[in-house]
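Numbering (my numbering), first residue to last: 86 to 457. Here is the structure we will look at, set down as C-alpha coordinates.
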(Lines of atoms letter the chains of each structure in order from A and count residues from 1; the text may use other names and numbers.)
(Lines give C-alpha, C1' and ligand atoms only; values in the text may rest on other atoms or scores of the structure.)
Protein backbone atom coordinates (compact mmCIF):
# COMPACT_ATOMS: atom_id res chain seq x y z
CA UNK A 1 0.00 0.00 0.00
CA UNK A 2 1.23 3.48 -0.92
CA UNK A 3 0.84 6.38 1.48
CA UNK A 4 1.53 10.03 0.69
CA UNK A 5 2.89 12.65 3.03
CA UNK A 6 3.31 16.34 2.33
CA UNK A 7 6.86 17.53 2.96
CA UNK A 8 6.68 20.79 4.90
CA UNK A 9 9.55 20.84 7.38
CA UNK A 10 13.17 21.42 6.41
CA UNK A 11 14.08 17.80 7.14
CA UNK A 12 11.14 16.51 5.08
CA UNK A 13 12.02 18.77 2.16
CA UNK A 14 15.59 17.52 2.38
CA UNK A 15 14.27 13.97 2.03
CA UNK A 16 12.27 15.19 -0.99
CA UNK A 17 15.44 16.59 -2.57
CA UNK A 18 17.58 13.56 -1.73
CA UNK A 19 15.22 10.83 -2.98
CA UNK A 20 16.69 10.85 -6.54
CA UNK A 21 20.16 10.31 -5.06
CA UNK A 22 19.09 6.80 -4.08
CA UNK A 23 16.91 6.21 -7.14
CA UNK A 24 19.75 7.04 -9.56
CA UNK A 25 22.72 5.96 -7.47
CA UNK A 26 23.78 3.41 -10.11
CA UNK A 27 23.18 5.65 -13.13
CA UNK A 28 26.22 7.15 -14.91
CA UNK A 29 23.93 9.63 -16.70
CA UNK A 30 22.04 11.32 -13.86
CA UNK A 31 23.43 14.71 -12.77
CA UNK A 32 22.64 15.56 -9.13
CA UNK A 33 21.73 19.06 -8.03
CA UNK A 34 23.45 20.87 -5.21
CA UNK A 35 21.21 19.95 -2.28
CA UNK A 36 21.43 23.36 -0.61
CA UNK A 37 20.48 25.14 -3.85
CA UNK A 38 17.53 22.86 -4.43
CA UNK A 39 16.29 23.41 -0.89
CA UNK A 40 16.63 27.17 -1.34
CA UNK A 41 14.45 27.03 -4.46
CA UNK A 42 11.71 25.39 -2.36
CA UNK A 43 12.03 27.92 0.47
CA UNK A 44 9.13 30.36 0.42
CA UNK A 45 11.26 32.96 2.21
CA UNK A 46 14.07 32.75 -0.35
CA UNK A 47 12.46 32.08 -3.73
CA UNK A 48 10.30 35.04 -4.84
CA UNK A 49 8.32 32.83 -7.20
CA UNK A 50 6.16 31.98 -4.19
CA UNK A 51 4.75 35.51 -4.24
CA UNK A 52 2.87 34.46 -7.38
CA UNK A 53 2.71 30.70 -6.98
CA UNK A 54 1.81 27.97 -4.50
CA UNK A 55 3.43 24.58 -4.30
CA UNK A 56 2.94 21.36 -2.40
CA UNK A 57 5.67 18.73 -2.12
CA UNK A 58 4.63 15.12 -1.63
CA UNK A 59 6.60 12.01 -0.77
CA UNK A 60 5.27 8.52 -1.46
CA UNK A 61 6.00 5.73 1.03
CA UNK A 62 5.73 1.96 0.72
CA UNK A 63 6.74 -0.32 3.57
CA UNK A 64 7.99 2.78 5.41
CA UNK A 65 10.41 3.58 2.61
CA UNK A 66 10.35 6.60 0.30
CA UNK A 67 9.50 5.38 -3.21
CA UNK A 68 8.48 8.55 -5.05
CA UNK A 69 7.99 12.31 -5.02
CA UNK A 70 6.13 15.06 -6.86
CA UNK A 71 5.67 18.82 -6.62
CA UNK A 72 2.19 20.20 -7.35
CA UNK A 73 2.33 23.83 -8.53
CA UNK A 74 -0.23 26.57 -9.08
CA UNK A 75 1.16 29.62 -10.89
CA UNK A 76 -1.28 32.47 -10.29
CA UNK A 77 0.14 34.75 -13.01
CA UNK A 78 -0.47 32.02 -15.55
CA UNK A 79 -3.99 31.37 -14.26
CA UNK A 80 -5.25 34.87 -13.47
CA UNK A 81 -3.43 37.05 -15.99
CA UNK A 82 -2.90 34.69 -18.92
CA UNK A 83 -6.15 32.79 -18.32
CA UNK A 84 -4.41 29.42 -18.63
CA UNK A 85 -6.15 27.12 -16.15
CA UNK A 86 -3.19 24.78 -15.74
CA UNK A 87 -2.18 22.63 -12.79
CA UNK A 88 1.58 22.15 -12.99
CA UNK A 89 3.57 19.21 -11.64
CA UNK A 90 7.32 18.67 -11.53
CA UNK A 91 10.18 17.06 -9.63
CA UNK A 92 8.37 13.84 -10.47
CA UNK A 93 10.40 10.72 -9.61
CA UNK A 94 9.32 7.23 -8.64
CA UNK A 95 10.34 3.60 -8.57
CA UNK A 96 9.04 1.27 -11.27
CA UNK A 97 5.72 0.67 -9.51
CA UNK A 98 2.49 1.89 -11.13
CA UNK A 99 0.77 2.12 -7.77
CA UNK A 100 3.31 4.77 -6.76
CA UNK A 101 3.14 6.91 -9.90
CA UNK A 102 -0.66 6.75 -9.91
CA UNK A 103 -0.95 7.84 -6.28
CA UNK A 104 1.36 10.82 -6.83
CA UNK A 105 -0.41 12.08 -9.95
CA UNK A 106 -3.81 11.52 -8.37
CA UNK A 107 -2.80 13.88 -5.58
CA UNK A 108 -1.82 16.53 -8.14
CA UNK A 109 -5.18 16.00 -9.86
CA UNK A 110 -7.05 16.51 -6.59
CA UNK A 111 -5.33 19.84 -5.97
CA UNK A 112 -6.04 20.96 -9.53
CA UNK A 113 -9.72 20.10 -9.18
CA UNK A 114 -9.89 21.90 -5.82
CA UNK A 115 -8.56 25.04 -7.54
CA UNK A 116 -11.04 24.57 -10.41
CA UNK A 117 -8.32 24.20 -13.03
CA UNK A 118 -8.90 22.67 -16.46
CA UNK A 119 -5.93 20.38 -16.95
CA UNK A 120 -2.60 19.29 -15.50
CA UNK A 121 0.72 19.34 -17.32
CA UNK A 122 4.21 18.23 -16.45
CA UNK A 123 6.87 17.71 -15.64
CA UNK A 124 7.43 21.46 -15.52
CA UNK A 125 8.78 23.84 -12.91
CA UNK A 126 7.48 27.08 -11.46
CA UNK A 127 8.34 29.08 -14.58
CA UNK A 128 10.23 28.98 -17.89
CA UNK A 129 13.53 29.34 -16.05
CA UNK A 130 13.08 25.88 -14.52
CA UNK A 131 13.66 22.41 -15.89
CA UNK A 132 11.08 20.92 -18.22
CA UNK A 133 9.97 17.62 -19.71
CA UNK A 134 10.36 13.90 -19.18
CA UNK A 135 13.14 12.33 -21.23
CA UNK A 136 11.75 10.15 -24.05
CA UNK A 137 14.96 9.48 -26.03
CA UNK A 138 18.64 9.73 -25.20
CA UNK A 139 18.77 7.82 -21.93
CA UNK A 140 22.38 6.85 -22.56
CA UNK A 141 23.66 10.44 -22.58
CA UNK A 142 24.73 12.35 -19.50
CA UNK A 143 22.27 14.97 -18.30
CA UNK A 144 22.94 18.60 -17.50
CA UNK A 145 22.41 20.94 -14.57
CA UNK A 146 19.37 22.48 -16.29
CA UNK A 147 17.51 19.32 -17.30
CA UNK A 148 15.84 16.41 -15.51
CA UNK A 149 16.98 12.86 -16.16
CA UNK A 150 14.70 9.84 -15.85
CA UNK A 151 14.53 6.13 -16.55
CA UNK A 152 12.65 4.88 -19.66
CA UNK A 153 9.79 3.45 -17.60
CA UNK A 154 8.59 6.96 -16.68
CA UNK A 155 6.98 7.40 -20.09
CA UNK A 156 5.16 4.08 -19.84
CA UNK A 157 3.71 5.00 -16.44
CA UNK A 158 2.55 8.45 -17.53
CA UNK A 159 0.91 7.24 -20.75
CA UNK A 160 -0.74 4.32 -18.93
CA UNK A 161 -2.50 6.86 -16.72
CA UNK A 162 -4.13 8.54 -19.70
CA UNK A 163 -1.73 11.43 -20.25
CA UNK A 164 -0.96 12.58 -23.79
CA UNK A 165 1.98 14.54 -25.14
CA UNK A 166 1.44 18.29 -24.82
CA UNK A 167 4.80 19.69 -25.97
CA UNK A 168 7.86 18.06 -27.47
CA UNK A 169 11.40 19.32 -26.96
CA UNK A 170 14.69 18.42 -28.62
CA UNK A 171 18.27 18.77 -27.47
CA UNK A 172 21.05 19.15 -30.04
CA UNK A 173 24.82 19.15 -30.01
CA UNK A 174 27.56 19.85 -32.52
CA UNK A 175 31.36 20.07 -32.57
CA UNK A 176 32.60 23.64 -32.21
CA UNK A 177 34.62 22.96 -35.37
CA UNK A 178 31.28 23.06 -37.27
CA UNK A 179 30.90 26.76 -36.42
CA UNK A 180 32.62 27.97 -39.58
CA UNK A 181 32.95 31.81 -39.54
CA UNK A 182 31.98 31.85 -43.21
CA UNK A 183 28.34 31.54 -42.07
CA UNK A 184 28.28 34.60 -39.80
CA UNK A 185 31.44 36.71 -40.13
CA UNK A 186 30.27 38.69 -43.18
CA UNK A 187 26.69 38.95 -41.90
CA UNK A 188 28.05 40.29 -38.62
CA UNK A 189 29.66 43.23 -40.42
CA UNK A 190 26.65 43.88 -42.65
CA UNK A 191 24.16 43.89 -39.76
CA UNK A 192 26.28 46.26 -37.69
CA UNK A 193 26.62 48.64 -40.64
CA UNK A 194 22.98 48.48 -41.73
CA UNK A 195 21.33 48.87 -38.33
CA UNK A 196 24.03 50.69 -36.38
CA UNK A 197 24.20 47.98 -33.71
CA UNK A 198 27.29 47.00 -31.77
CA UNK A 199 28.41 44.27 -29.42
CA UNK A 200 29.24 44.63 -25.73
CA UNK A 201 31.71 42.26 -24.12
CA UNK A 202 32.53 42.11 -20.43
CA UNK A 203 35.14 40.29 -18.40
CA UNK A 204 33.80 41.03 -14.91
CA UNK A 205 30.57 39.78 -13.34
CA UNK A 206 29.79 43.20 -11.83
CA UNK A 207 29.84 44.66 -15.36
CA UNK A 208 27.34 42.05 -16.55
CA UNK A 209 25.11 42.78 -13.56
CA UNK A 210 24.61 46.37 -14.75
CA UNK A 211 22.84 44.95 -17.82
CA UNK A 212 20.96 42.13 -16.07
CA UNK A 213 17.62 43.85 -15.44
CA UNK A 214 17.45 45.07 -19.02
CA UNK A 215 18.35 41.59 -20.19
CA UNK A 216 15.48 39.99 -18.25
CA UNK A 217 13.09 42.59 -19.65
CA UNK A 218 14.24 41.68 -23.14
CA UNK A 219 13.85 37.99 -22.28
CA UNK A 220 10.19 38.65 -21.46
CA UNK A 221 9.68 40.47 -24.77
CA UNK A 222 11.58 37.90 -26.84
CA UNK A 223 9.77 34.83 -25.53
CA UNK A 224 6.29 36.26 -24.89
CA UNK A 225 4.73 34.46 -27.87
CA UNK A 226 5.97 30.99 -26.94
CA UNK A 227 3.42 28.61 -25.48
CA UNK A 228 3.28 28.41 -21.69
CA UNK A 229 5.53 31.44 -21.27
CA UNK A 230 5.28 33.04 -17.85
CA UNK A 231 7.14 36.38 -17.58
CA UNK A 232 9.82 37.04 -14.98
CA UNK A 233 8.63 39.56 -12.40
CA UNK A 234 10.78 42.39 -11.08
CA UNK A 235 11.32 40.66 -7.74
CA UNK A 236 12.39 37.44 -9.48
CA UNK A 237 15.10 39.30 -11.37
CA UNK A 238 17.18 39.75 -8.22
CA UNK A 239 16.82 36.07 -7.38
CA UNK A 240 17.91 34.90 -10.83
CA UNK A 241 20.84 37.32 -10.89
CA UNK A 242 22.21 35.70 -7.76
CA UNK A 243 21.33 32.14 -8.76
CA UNK A 244 22.54 32.16 -12.36
CA UNK A 245 24.43 35.24 -13.51
CA UNK A 246 26.92 35.30 -10.66
CA UNK A 247 28.06 31.75 -11.49
CA UNK A 248 28.43 32.07 -15.27
CA UNK A 249 31.68 33.17 -16.87
CA UNK A 250 31.10 36.87 -17.67
CA UNK A 251 32.72 36.44 -21.08
CA UNK A 252 30.02 33.82 -21.87
CA UNK A 253 27.24 36.43 -21.66
CA UNK A 254 27.02 38.55 -24.80
CA UNK A 255 25.05 41.72 -25.52
CA UNK A 256 24.08 43.65 -28.65
CA UNK A 257 22.85 47.26 -28.37
CA UNK A 258 21.41 49.69 -30.91
CA UNK A 259 22.73 53.15 -31.82
CA UNK A 260 21.09 54.54 -28.66
CA UNK A 261 22.74 51.87 -26.49
CA UNK A 262 19.43 50.09 -25.92
CA UNK A 263 19.76 46.34 -25.51
CA UNK A 264 18.32 44.48 -28.51
CA UNK A 265 19.87 41.02 -28.17
CA UNK A 266 21.72 38.81 -25.72
CA UNK A 267 23.17 35.35 -25.40
CA UNK A 268 23.82 33.29 -22.28
CA UNK A 269 26.13 30.29 -22.46
CA UNK A 270 27.41 28.30 -19.53
CA UNK A 271 30.20 25.76 -19.22
CA UNK A 272 29.09 22.18 -18.72
CA UNK A 273 29.02 21.36 -15.02
CA UNK A 274 27.68 17.82 -15.48
CA UNK A 275 30.79 15.84 -14.53
CA UNK A 276 31.67 18.33 -11.79
CA UNK A 277 28.21 17.95 -10.23
CA UNK A 278 28.50 14.17 -10.33
CA UNK A 279 31.79 14.45 -8.46
CA UNK A 280 30.31 16.94 -5.97
CA UNK A 281 27.54 14.45 -5.07
CA UNK A 282 25.16 17.20 -4.05
CA UNK A 283 27.52 19.07 -1.75
CA UNK A 284 29.66 22.15 -2.20
CA UNK A 285 31.99 21.22 0.66
CA UNK A 286 34.58 19.99 1.17
CA UNK A 287 35.43 19.39 -2.51
CA UNK A 288 32.29 20.13 -4.55
CA UNK A 289 33.07 23.80 -4.97
CA UNK A 290 36.54 22.94 -6.27
CA UNK A 291 35.07 20.68 -8.97
CA UNK A 292 32.58 23.37 -10.03
CA UNK A 293 35.20 26.12 -10.20
CA UNK A 294 37.47 23.87 -12.23
CA UNK A 295 34.64 23.20 -14.70
CA UNK A 296 33.85 26.92 -14.90
CA UNK A 297 37.40 27.65 -16.02
CA UNK A 298 38.40 24.50 -17.87
CA UNK A 299 35.34 22.78 -19.35
CA UNK A 300 35.68 22.23 -23.10
CA UNK A 301 31.94 21.75 -23.42
CA UNK A 302 29.42 24.61 -23.31
CA UNK A 303 25.63 24.85 -23.13
CA UNK A 304 23.73 27.50 -25.07
CA UNK A 305 21.20 28.43 -22.42
CA UNK A 306 19.34 31.42 -23.86
CA UNK A 307 19.44 33.68 -26.90
CA UNK A 308 17.01 36.57 -26.93
CA UNK A 309 16.36 39.09 -29.72
CA UNK A 310 13.97 42.02 -29.54
CA UNK A 311 10.89 41.39 -31.75
CA UNK A 312 11.77 44.40 -33.94
CA UNK A 313 15.15 42.86 -34.76
CA UNK A 314 14.15 39.24 -35.20
CA UNK A 315 14.88 37.81 -38.68
CA UNK A 316 17.34 40.63 -39.37
CA UNK A 317 20.54 38.66 -38.81
CA UNK A 318 21.39 40.07 -35.37
CA UNK A 319 22.29 36.59 -34.15
CA UNK A 320 25.30 36.74 -36.50
CA UNK A 321 26.74 39.41 -34.20
CA UNK A 322 26.25 37.11 -31.21
CA UNK A 323 27.71 34.08 -32.99
CA UNK A 324 30.74 36.07 -34.07
CA UNK A 325 31.42 37.10 -30.47
CA UNK A 326 31.09 33.53 -29.22
CA UNK A 327 33.36 32.21 -31.95
CA UNK A 328 36.13 34.57 -30.85
CA UNK A 329 35.69 33.66 -27.18
CA UNK A 330 35.41 29.91 -27.70
CA UNK A 331 38.41 29.82 -30.02
CA UNK A 332 40.54 31.33 -27.26
CA UNK A 333 39.08 28.91 -24.68
CA UNK A 334 39.62 25.83 -26.80
CA UNK A 335 35.96 24.81 -26.68
CA UNK A 336 35.27 21.48 -28.38
CA UNK A 337 31.52 20.78 -28.06
CA UNK A 338 28.42 22.98 -28.13
CA UNK A 339 25.12 21.80 -26.65
CA UNK A 340 21.72 23.42 -27.09
CA UNK A 341 19.37 23.07 -24.15
CA UNK A 342 15.75 21.92 -24.66
CA UNK A 343 13.93 23.75 -27.47
CA UNK A 344 10.37 23.26 -28.63
CA UNK A 345 10.38 20.76 -31.48
CA UNK A 346 7.99 22.91 -33.51
CA UNK A 347 10.16 26.03 -33.25
CA UNK A 348 11.16 26.28 -36.91
CA UNK A 349 12.90 29.62 -36.44
CA UNK A 350 15.40 28.21 -33.96
CA UNK A 351 16.23 25.31 -36.28
CA UNK A 352 16.93 27.73 -39.12
CA UNK A 353 19.21 29.72 -36.82
CA UNK A 354 21.54 26.75 -36.25
CA UNK A 355 21.23 24.85 -39.53
CA UNK A 356 24.70 25.76 -40.86
CA UNK A 357 26.38 24.14 -37.83
CA UNK A 358 24.94 20.71 -38.68
CA UNK A 359 23.58 19.98 -35.18
CA UNK A 360 22.43 16.47 -34.29
CA UNK A 361 19.44 15.71 -32.08
CA UNK A 362 20.64 13.44 -29.31
CA UNK A 363 17.79 13.76 -26.80
CA UNK A 364 14.06 14.26 -26.89
CA UNK A 365 11.69 15.06 -24.06
CA UNK A 366 8.03 15.90 -23.63
CA UNK A 367 5.55 17.36 -21.22
CA UNK A 368 2.33 15.43 -20.75
CA UNK A 369 -1.22 16.67 -20.27
CA UNK A 370 -4.44 15.32 -18.85
CA UNK A 371 -7.79 17.09 -18.48
CA UNK A 372 -9.16 17.42 -14.98
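Positions of the beta carbon are idealized from the N, C-alpha and C atoms, including for glycine.
Would a C-beta distance cut-off of 9 Å place residue i and residue j closer than the cut-off?
| i | j | result |
| --- | --- | --- |
| residue 212 | residue 317 | yes |
| residue 440 | residue 256 | no |
| residue 156 | residue 143 | yes |
| residue 174 | residue 208 | yes |
| residue 422 | residue 266 | no |
| residue 285 | residue 296 | yes |
| residue 154 | residue 118 | no |
| residue 268 | residue 304 | no |
| residue 398 | residue 282 | yes |
| residue 214 | residue 193 | no |
| residue 280 | residue 345 | no |
| residue 387 | residue 329 | no |
Would DSSP call residue i helix, strand or coil?
| i | result |
| --- | --- |
| residue 284 | strand |
| residue 388 | strand |
| residue 97 | helix |
| residue 349 | strand |
| residue 306 | helix |
| residue 373 | helix |
| residue 335 | helix |
| residue 421 | coil |
| residue 127 | coil |
| residue 318 | coil |
| residue 378 | helix |
Please work out which residues of its chain come closer than 7 Å, Cβ to Cβ, to residue i, disregarding the five sequence neighbours upstream and downstream, and give them in chain order.
| i | result |
| --- | --- |
| residue 331 | 290 |
| residue 450 | 218, 219, 220, 221, 254, 427 |
| residue 238 | 181 |
| residue 127 | 98, 142 |
| residue 315 | 160, 162, 163, 212, 213 |
Closest by CA to residue i, which one among the options?
| i | options | result |
| --- | --- | --- |
| residue 116 | 357, 239, 252 | 357 |
| residue 390 | 457, 373, 355 | 355 |
| residue 242 | 435, 201, 300, 177 | 177 |
| residue 333 | 353, 319, 227, 298 | 353 |
By Cβ distance, which residues of its chain are closer than 6 Å to residue i, with the 5 residues on each side in sequence left out?
| i | result |
| --- | --- |
| residue 272 | 402, 405 |
| residue 376 | 361, 364, 365 |
| residue 287 | 293, 335 |
For residue i and chain C, any beta-carbon pair shorter than 9 Å?
| i | result |
| --- | --- |
| residue 396 | In summary, chain C is missing from the structure at hand, where a single protein chain is found. |
Next item on the list: List in chain order: all unbroken alpha helix (DSSP H) runs of 4+ residues lying wholly within the segment 407-453.
Entry: 433-439
Item checked: Secondary structure, beta strand (DSSP E): runs of 3+ residues fully inside the segment 243-275 -> 249-260
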